[in-house]
Amino acid sequence: MTAENPRILLVEDEELNRTLVKAVLSRAQIAAVRGAEVLDASTLAGARAQLDAEDIDLILLDMNLPDGNGLTLAGELAAGRIGGGRPRPTVVAVTASVLPQDREAALAAGCDGFLDKPYAAADLVATVADHLARRAGAAS
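My numbering applies: residue 45 is where the sequence shown begins, and numbers increase by one.
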């Protein structure tokens, strides 16, 4: 990852949510977040295709998708079954399921972080910035 142009894959089935997340990130005060290229997928199948074709630094992963649970994708990434042999992206679970066991399941499946819905724009930006900074620090 280069700090100037991280790539984020937004996996979210609701078009309005994808549009809003992209708008928030593109207006962030933090340059690394604002400058990120945001790709999107509305299904697990679409996310798998993007991950096999693109270098991705961070995934914002909705848990409830039309073709399955986002934890399936997190597990596949953790096991190295998708991604074309590229470094595993950081995965942040984004969900309205906020029970402690939901958070534990996400982390056990290979997610690196968890963002509760609904969230404030500032929380989204802070989460993305934090995970991109950790990734950049680990790469140096």
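All residues carry an ideal CB built from backbone N, CA and C; glycine is no exception.
* Would you please state the rounded distance, in angstroms, between the beta carbons of residue 106 and residue 136? I believe it to be under 8 angstroms. => Taking the sequence shown and counting its residues from 1, one reaches residue 106 at position 62. Taking the sequence shown and counting its residues from 1, one reaches residue 136 at position 92. That pair is no contact at about 10 angstroms.
* Asked: Can you tell me the Cα-Cα spacing of residue 134 and residue 175, whole angstroms?
  -> Position 90 of the sequence shown holds residue 134. Position 131 of the sequence shown holds residue 175. Cα-Cα distance, rounded: 7 angstroms.
* Asked: Which class does residue 173 belong to by DSSP, given the choice of helix, strand or coil?
  -> For this step, residue 173 is matched to residue 129 along the sequence shown. The answer is helix: DSSP assigns residue 173 an H, G or I state.
* Based on the DSSP secondary-structure assignment, which residues constitute the bridge partners of residue 81? -> Within the sequence shown, numbered from 1, the residue matching residue 81 stands at position 37. Beta-bridge pairing links residue 81 to 51.
* Proximity of residue 121 and residue 132 at Cβ, strictly below 8 angstroms -> Start at 1 with the first residue of the sequence shown, and residue 121 comes out as number 77. Start at 1 with the first residue of the sequence shown, and residue 132 comes out as number 88. Yes, the pair counts as a contact, with Cβ atoms nearer than the cut-off.
* **C-beta atoms of residue 89 and residue 111 nearer than 8 angstroms** => Locating residue 89 in the sequence shown gives position 45, where the first residue counts as 1. Locating residue 111 in the sequence shown gives position 67, where the first residue counts as 1. In this structure, residue 111 lies closer than 8 angstroms to residue 89 by Cβ.
* Asked: Roughly how far, in whole angstroms, is the beta-carbon of residue 75 from the beta-carbon of residue 115, given that I think they are within contact range, below 8 angstroms?
  -> For the purposes of this step, residue 75 is taken as residue 31 along the sequence shown, with counting starting at 1. For the purposes of this step, residue 115 is taken as residue 71 along the sequence shown, with counting starting at 1. About 32 angstroms separates the two Cβ atoms, so there is no contact after all.
* **Proximity of residue 51 and residue 95 at Cβ, strictly below 8 angstroms** => Numbered from 1 along the sequence shown, position 7 holds the residue referred to as residue 51. Numbered from 1 along the sequence shown, position 51 holds the residue referred to as residue 95. Not closer than 8 angstroms, so no.
* To do: Under 8 angstroms Cβ to Cβ from residue 49, same chain only, skipping five residues before and after it: list those, please.
  => Reading the sequence shown from its first residue, position 5 is the one you call residue 49. Result list for residue 49: 79, 80 and 81, in chain order.
* To do: Go to residue 90, then tell me how far its beta strand (DSSP E) extends in each direction, as first and last residue.
  => Within the sequence shown, residue 90 is the residue found at index 46, counting from 1. Careful: residue 90 lies outside any beta strand (DSSP E), inside the alpha helix (DSSP H) at 88 to 97.
* To do: In angstroms with no decimal places, state the Cα-to-Cα distance between residue 159 and residue 63.
  => Here residue 159 is taken as the residue at index 115 of the sequence shown, counted from 1. Here residue 63 is taken as the residue at index 19 of the sequence shown, counted from 1. Those two C-alpha atoms are separated by around 18 angstroms.
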